[in-house]
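Trainee:
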Amino acid sequence: MLVSLLLAGCASLFPPADPRPPEEIVAQAEDLIKRKAYAGAADLYVKAIAKQPQNGRYYLRRGELLEALGRDKEARANYREGLSNAEKSSPEHLELMHRQALLAAEHLQDIDTAEEILEQLPVGSVPRLDLAGYLYYQAKQPELAIKMLNQALGLVKNNDQKAIVLYHAALVYDSLKDEKNSVTSLFHAINNATHLGLIRDISALWAKVNANQPLPTSGDAGK
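So the sequence shown is numbered by my numbering: it starts at 24 and just counts up by one.
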């Protein structure tokens with residue numbers, strides 16, 4: 024009888040898995056995101072990942088939500104799990120590496136990890152050029168940083184890649200006290216960004232360099 028009671032207690036601690044298909048769980052999560060209920064959406068993505076552990080897109084979306092919430096250590100653990108499970112040949116695997124490296128360098132004071140990942144990124148790829156530019160910025164070598172970021176900007180394949188490169192360029196220009204180029208880069212970054220964690224970072228820099236003006240929305244300039 025005691026064993027039965029203990030088993031019943033354990034079952035209450037571990038509720039049964041969500042019976043819905045992952046696509047339905049993700050649809051609910053995305054609905055929560057529209058309402059800015061990021062924590063609840065992140066929890067739902069855990070359930071989706073449990074059903075499709077090799078789906079790199081799920082790890083990327085959950086990491087994005089965790090970054091937006093400022094839960095950076097959880098985001099790092101999520102990206103590491105994604106890198107362990109996602110197909111290495113997939114574009115998601117490359118993006119997971121990039122996000123983990125930037126998170127380490129920008130928010131977790133872990134430059135060593137970022138540099139290790141840099142060496143694993145494909146030569147000439149946007150993630151490698153962008154990360155190299157950011158690390159040169161951290162090393163107070165703005166000329167090399169801008170060189171790398173300009174190369175990356177010429178190769179970007181989507182709006183979020185463009186936004187992250189422009190955001191890093193804005194950081195470099197801000198360090199040089201070049202307000203004009205900093206604000207311009209940041210303005211175009213926000214008008215291309217959809218990644219919620221990146222928007223968090225852009226918002227913080229905008230408040231610093233252009234505190235007298237509200238943050239623009241995506242409709243304020245063409246992409």
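Ideal placement from N, C-alpha and C gives every residue a C-beta, glycine not left out.
Quick caveat, the model's predicted, so the values are computed rather than measured.
Count the C-beta pairs between the stretch 142-151 and the stretch 112-130 that are closer than 8 Å, then say yes if the count reaches three, no if not.
Mentor: Verdict: yes, contact present.
Trainee: Is Val-69 helix, strand or coil when you go by DSSP?
Mentor: Three-state result, Val-69: helix.
Trainee: Quick check on the DSSP output: what are the complete alpha helix (DSSP H) runs of length 4 or more inside the stretch 140-222, in order along the chain?
Mentor: Counting only runs of 4 or more, we get 149-161, 165-176, 182-198, 202-213.
Trainee: Taking 8 Å as the threshold (C-beta atoms), are Ala-60 and Gly-79 in contact?
Mentor: No, these two residues do not count as a Cβ contact at 8 Å.
Trainee: Looking only at its chain, what residues have a beta carbon closer than 7 Å to the beta carbon of Lys-231, apart from the 5 residues adjacent to it on each side?
Mentor: None.
Trainee: Determine whether the beta carbon atoms of Leu-189 and Asn-215 lie at a separation below 8 Å.
Mentor: Yes.
Trainee: Check whether the stretch 122-140 and the stretch 88-99 touch, using three or more Cβ-Cβ pairs below 8 Å as the test.
Mentor: The stretch 122-140 is in contact with the stretch 88-99.
Trainee: Could you tell me the boundaries of the alpha helix (DSSP H) in which Gly-86 lies?
Mentor: That run of the alpha helix (DSSP H) goes 79-91.
Trainee: I need the DSSP call for Gln-123, collapsed to helix, strand or coil.
Mentor: Note: Gln-123 maps to helix in three-state DSSP.
Trainee: Suppose you measure from the CA of Lys-70 to the CA of Gln-51; what does that come to, to the nearest Å?
Mentor: C-alpha separation (whole angstroms): 11 Å.
Trainee: Give the C-beta separation of Gly-220 and Glu-90 to the nearest angstrom, bearing in mind that I take them to be a contact with Cβ-Cβ under 8 Å.
Mentor: That belief holds up - the Cβ atoms of Gly-220 and Glu-90 are roughly 3 Å apart, short of 8 Å.
Trainee: For a test of the three-state rule: what should DSSP assign to Lys-57, helix, strand or coil?
Mentor: Note: Lys-57 maps to helix in three-state DSSP.
Trainee: What's the gap between the Cα of Glu-47 and the Cα of Ile-140?
Mentor: If you take the alpha carbons of Glu-47 and Ile-140, they lie about 34 Å apart.
Trainee: Please name the residue, chosen from Lys-203, Phe-210, Gln-161, that lies closest to Lys-185 on a Cα-to-Cα basis.
Mentor: When only C-alpha atoms are compared, the closest one is Phe-210.
Trainee: Can you check whether the CB of Ala-64 is closer than 8 Å to the CB of Ile-56?
Mentor: Taking 8 Å as the Cβ cut-off, Ile-56 and Ala-64 qualify as a contacting pair.
Trainee: First and last residue of the alpha helix (DSSP H) that includes Arg-99?
Mentor: Run containing Arg-99: 95-108, per the alpha helix (DSSP H) assignment.
Trainee: With DSSP run on the structure shown, which of helix, strand or coil describes Pro-114?
Mentor: Three-state DSSP puts Pro-114 in a helix.
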